[in-house]
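**Student:** Sharing a structure here in structure tokens format.
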Amino acid sequence: NAGVMQNPRHLVRRRGQEARLRCSPMKGHSHVYWYRQLPEEGLKFMVYLQKENIIDESGMPKERFSAEFPKEGPSILRIQQVVRGDSAAYFCASSLTGPDTQYFGPGTRLTVL
Amino acid sequence: KNEVEQSPQNLTAQEGEFITINCSYSVGISALHWLQQHPGGGIVSLFMLSSGKKKHGRLIATINIQEKHSSLHITASHPRDSAVYICAVAGGTGNQFYFGTGTSLTVIP
């Protein structure tokens, strides 16, 4: 049973471009969480999704950021018109039945030039 | 003030020492998690607690709901335990997670 997969592992974008980060949860997990870790800072919750539903997006910036978890395929975190301040490690985690033990992916490190 | 406070921020220990990392929180919670983040950045979930005590190998986690406090203990520490240990709490509704800033542990051979 493969763990949580994230791709790409490293992503470089220029200011103004779009970044798409993908997260494939563990098999059978229908709960996905996205977190952001800014340089020298702790993890921050961004959004909690279940299949086809956003459950809690209170940690997501109001503009430029969006997330989805379609019926088929991975969860996607999309950042439009990236700025240098978006440079961070983005982790997703999945769980079986809600906010219980979460399994983390390896993260995507986004660098905005 | 952060919802989750950890201490110490940095900790250096000799191999074999008993280590304690503390976590205090100020929100109502449904569960508390201890996470380990290795230098390469990967995160592993060590424990999820809602009451009492859990043990896994050399790791022990305790939680006191009344005092809003949890501790992570490592017995017979080893250099491979060197990592950042992060306390996270799931808020009352369970959806929102709050993270401590982490405790950076270095175990010297």
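Chains as they are written, first to last, in the numbering used here: chain A, 4 to 116; chain B, -1 to 107. Beta carbons: idealized from backbone N, C-alpha and C, even for Gly.
Please tell me whether residue 33/B and residue 107/A are closer than 9 Å, where the distance is taken between their beta carbons.
**Tutor:** Yes, Cβ-Cβ distance for residue 33/B and residue 107/A is below 9 Å.
**Student:** Check the Cβ of residue 7/B against every Cβ in chain A and list those closer than 9 Å, keeping chain order.
**Tutor:** In chain order: nothing, as chain A lies at least about 11 Å away.
**Student:** Tell me which residues share the same chain as residue 6/A and place their Cβ nearer than 7 Å to its Cβ, disregarding the 5 neighbours each side in the sequence.
**Tutor:** So the qualifying residues of the chain are 29, 106.
**Student:** Assuming the contact rule is C-beta atoms closer than 8 Å, residue 85/A and residue 9/A should be a hit. Round their C-beta distance to whole Å, please.
**Tutor:** At roughly 17 Å, the Cβ-Cβ gap does not stay under 8 Å, so residue 85/A and residue 9/A are not in contact.
**Student:** Does any C-beta atom of chain B lie closer than 9 Å to the C-beta of residue 62/A?
**Tutor:** Yes, residue 62/A counts as interfacial toward chain B.
**Student:** Could you spell out the range, first to last residue, of the beta strand (DSSP E) harbouring residue 116/A?
**Tutor:** It is not in any beta strand (DSSP E) - residue 116/A carries neither H nor E in the DSSP assignment.
**Student:** Cβ of residue 88/B within 9 Å of Cβ of residue 28/B?
**Tutor:** Going by C-beta atoms, residue 88/B is nearer than 9 Å to residue 28/B.
**Student:** Sort 17/A, 22/A, 14/A by Cα distance to residue 69/A and report the nearest one.
**Tutor:** Of the candidates 17/A, 22/A, 14/A, the one whose C-alpha sits nearest the C-alpha of residue 69/A is 22/A.
**Student:** What's the call for residue 100/B, buried or exposed, on a 16-neighbour Cβ count within 10 Å?
**Tutor:** The residue in question, residue 100/B, is buried, as its Cβ has 16 or more Cβ neighbours within 10 Å.
**Student:** Counting only beta-carbon separations shorter than 9 Å, does residue 47/A have a partner in chain B?
**Tutor:** It does: the Cβ of residue 47/A has a partner Cβ on chain B nearer than 9 Å.
**Student:** For a test of the three-state rule: what should DSSP assign to residue 89/B, helix, strand or coil?
**Tutor:** It is a strand residue.
**Student:** Measure from the alpha carbon of residue 97/A to the alpha carbon of each residue in 26/A, 11/A, 63/A, then state which is nearest.
**Tutor:** Of the listed residues, the one whose Cα sits closest to residue 97/A is 26/A.
**Student:** Hey, could you find the ends of the beta strand (DSSP E) residue 71/A is sitting in?
**Tutor:** First-last of the beta strand (DSSP E) with residue 71/A: 68 to 71.
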